[in-house]
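Visitor: In the numbering used here, the protein residues as written are 344 to 525.
Right under this line is the structure:
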């Protein structure tokens, strides 16, 4: 059994669909403001390794919008809490280049060692919110080669193509290599 440390129950549900033997840990830990998602994960792995016994998983994700110089990026969670999708769409008003990507970095603490796995999903920002599934920026993000937002997809479809899904598939392969899962 692996512990997944997150405040976001939706992340846990998505991740559990890919790796079934996950236990949700909703514990507080400081999230530093850093230049990269990898830096955030490095700090969290180090901090939590002194607080959690055994193996655990954490993740950090960001939405990077090309025309906004990769904003909100590492500040995605804060920006979402502050202005939401409505505010993000206002920032994008009149902007033709709507290219964006989601990036997830998963941190794994396994037998005293730290591992990082990255998943990226390219796409673009929709003109309006669409869909009822998912969370966060899902209603405004349309993956490349798709016409629907993440929020218009069932969780299984989203997991096959999303940033988090790709990182989790890499994590599952690593845990399989370690002999932890089938």
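From the three backbone atoms N, C-alpha and C, an ideal C-beta is built for every residue, glycine too.
In the DSSP assignment, what are the bridge partners of residue 457?
Guide: DSSP, once it has assigned bridges, lists 452 as partnering residue 457.
Visitor: In the structure shown, what three-state DSSP assignment does residue 413 receive?
Guide: The answer is coil: DSSP assigns residue 413 none of H, G, I, E or B.
Visitor: For residue 397, count the other beta carbons within 10 Å of its own beta carbon; 16 or more makes it buried, fewer makes it exposed. Which is it?
Guide: That one is exposed.
Visitor: For a quick check, are the C-beta atoms of residue 494 and residue 473 less than 8 Å apart?
Guide: Closer than 8 Å, so yes.
Visitor: Evaluate contact between the segment 394-409 and the segment 446-454, counting only Cβ atoms and requiring at least three cross-stretch pairs below 8 Å.
Guide: A contact exists between the segment 394-409 and the segment 446-454.
Visitor: Report all residues from its chain with a CB closer than 7 Å to the CB of residue 483; omit the five preceding and five following residues, and keep chain order.
Guide: Around residue 483: 428, 431, 432, 468, 469, 472, 492.
Visitor: Just mark residue 399 as buried or exposed, buried being the case when its beta carbon has 16 or more other beta carbons within 10 Å.
Guide: Buried.
Visitor: Kindly indicate which residue of 489, 478, 525 has the alpha-carbon position closest to the one of residue 465.
Guide: Selected option, being the one with the closest Cα: 489.
Visitor: Sort out for me which residues DSSP pairs residue 383 with in a bridge.
Guide: In DSSP, residue 383 forms no bridge with anything.
Visitor: Hey, residue 463 and residue 360: beta-carbon distance below 8 Å or not?
Guide: No, they are not a contact pair.
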